[in-house]
Structures are given as structure tokens and as C-alpha cells.
Amino acid sequence: DTEVTQTPKHLVMGMTNKKSLKCEQHMGHRAMYWYKQKAKKPPELMFVYSYEKLSINESVPSRFSPECPNSSLLNLHLHALQPEDSALYLCASSQRDSLRPQHFGDGTRLSIL
Amino acid sequence: GQQVMQIPQYQHVQEGEDFTTYCNSSTTLSNIQWYKQRPGGHPVFLIQLVKSGEVKKQKRLTFQFGEAKKNSSLHITATQTTDVGTYFCAGRSWAGNMLTFGGGTRLMVKP
Chain A
31 DTEVTQTPKH LVMGMTNKKS LKCEQHMGHR AMYWYKQKAK KPPELMFVYS
81 YEKLSINESV PSRFSPECPN SSLLNLHLHA LQPEDSALYL CASSQRDSLR
131 PQHFGDGTRL SIL
Chain B
252 GQQVMQIPQY QHVQEGEDFT TYCNSSTTLS NIQWYKQRPG GHPVFLIQLV
302 KSGEVKKQKR LTFQFGEAKK NSSLHITATQ TTDVGTYFCA GRSWAGNMLT
352 FGGGTRLMVK P
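In C-alpha cells, the structure reads:
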């Protein structure tokens, strides 16, 4: 069982849809991350939130919009995605920063039609 | 930017054989972490190495951090079918606040 909960587990959406991915942790971690992972590739960092503030944005297109409402929650808002955005989206958290181990959720498998 | 390379990409072994994956960074690292991802699963943290030349063991797994803190290795003794998965190293440089993952080594074990 993972201590980082992601919903939904699967999502199929059209290119004109708007949807959100959600991530929750109750370990008191103050750093939270969004990664994108394509099949047979490593996780690719998208965003880092540190103490609820966006600290890293790895040149991600604006059709992905992160939000951190509080220290336990992390959202990823999706709009006008492209077929190449189909991937596994992983949320992770760590105690403070990348010096600490990251705990990953099960991910949301996203398919863009 | 920082690059982390892992070899080999794939490794097939017979159950009971040993396995090693190697990780090399283009820059000196402050720390390196190792993760395992089972097929269909998510990465799970295995260990973190911080000191130059550090060696850590977890049962049949031995992790090493190079003296120059630019390379690392994971060695599994007498593989079992439960070792199947992709092993990723992830390094953090002194300058940054993010982990860069290596490409991963996919281990397959024949019973």
C-alpha cells in the first residue's frame, strides 16, 4: 500500500476536455512533485512544490497547470492536451527536499484521444 | 544540464545468478538514491548514499557510491524472481534541488 494517494487511477479524455489529477499525502511532507513517465522510460520531473510554493517548473507546457491548495494536497489541471501527453503521471512527496527519499503514488494512467 | 546514465538497459539472468547495474553522472553529486519499479507499479525507494566511497547492504543488495561521487552501482547476489523490475538511480547535484533519474535497468529473471 502506498502512503501517497492519487486519483483517478485511469483517465481517458479528449483533446478539448478539462480534467484534474489529484494527489494526497498525510505524512507531513513539505515537498511534493509531479512526474510524467512514458513506457520504458524514467520518471521525468514536471513540477516541484516546496512548502506549498512552486519552486521548480521544468519548462512544462501551459496546458498543464499545477496547484497546491495545502500541504497535503497537490492537483494537476489539464486542458487541451495532445496525444503525446498520454503517459503515467506520478505524484511524489518527501520530507523537505530532494535530499530525502521520495514516496510515490500509484500514478494516474492518462490516455488522450 | 546534469545527465545521469545507466547501463545496461536490460539484463536477463537465470535465477540464482548475480546482477549489477551501473550509474554515471556528468556532474558531481551530493547524494544518490536508488528506486525499484515493478512492472505496472510505481517507483519505490530502496536506499540513499551520501558519502564518498560509501557502501551499504540490504540483504542480497549491495549499493556503492564512487570516491568521486559521480558513479554508483547496485549489485544483487543470487537473484530471485521477486527481483524482477526496473532499477533506477537518481542523483542530485550540488547546484540543484531536484533529482535526475537515470534511464533505468530492466531486470528479468528466468526461474
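Chains as they are written, first to last, in this note's numbering: chain A, 31 to 143; chain B, 252 to 362. We treat Cβ as the ideally placed atom computed from N, Cα and C, and that holds for glycine.
Looking only at A/Gly44, A/Met57, A/Lys39, the smallest Cα-Cα distance to leucine 51 of chain A is reached by A/Lys39. Within chain A, not a single residue places a beta-carbon under 9 Å from that of proline 290 of chain B; the smallest gap is close to 11 Å.
Serine 89 of chain A and alanine 61 of chain A have their alpha carbons spaced roughly 19 Å apart. Listed in chain order, the non-local C-beta contacts of glycine 317 of chain B below 7 Å within the same chain comprise Ser323, local neighbours out to five positions each way being set aside. If one requires a minimum length of 4 residues, no alpha helix (DSSP H) run lies completely within the segment 275-345 of chain B.
Assignment of beta-bridge partners to threonine 271 of chain B by DSSP yields B/His326. Distances from the alpha-carbon of alanine 117 of chain A to those of A/Gln36, A/Gln67, A/Thr46 put A/Gln67 closest. Burial state of proline 99 of chain A is exposed, judged by a 10 Å Cβ sphere holding fewer than 16 other Cβ atoms. Spanning the alpha carbons of isoleucine 298 of chain B and glutamine 265 of chain B requires a straight line of approximately 25 Å. Ranked by Cα distance from glycine 342 of chain B, the options A/Tyr119, A/Cys121, A/Asp127, A/Leu120 are led by A/Asp127. Contact check for glutamine 55 of chain A against serine 123 of chain A passes: the beta carbons are separated by less than 7 Å. Counting of Cβ neighbours within 10 angstroms places threonine 138 of chain A among the buried residues, the total reaching 16 or more. Here the C-alpha atom of isoleucine 258 of chain B lies approximately 35 Å from the C-alpha atom of leucine 108 of chain A.
For glycine 304 of chain B, none of the residues of chain A pass the 9 Å Cβ criterion, the least Cβ distance being about 19 Å.
Shown here, glutamate 266 of chain B sits in coil according to DSSP, grouped into three states, outside any helix or strand. The three-state secondary structure of glutamate 114 of chain A, taken from DSSP, is helix.
In the structure shown, leucine 140 of chain A falls within a strand segment according to DSSP collapsed to helix, strand and coil.
Leaving aside the five residues that flank leucine 300 of chain B on each side, the residues in its chain whose CB is nearer than 7 Å to its CB run, in chain order, Asn282, Ile283, Lys307, Phe314, Phe316, Ser323.
For asparagine 105 of chain A, the secondary structure class from DSSP, reduced to helix, strand or coil, is strand.
Phenylalanine 94 of chain A and serine 344 of chain B have their C-alpha atoms roughly 26 Å apart.
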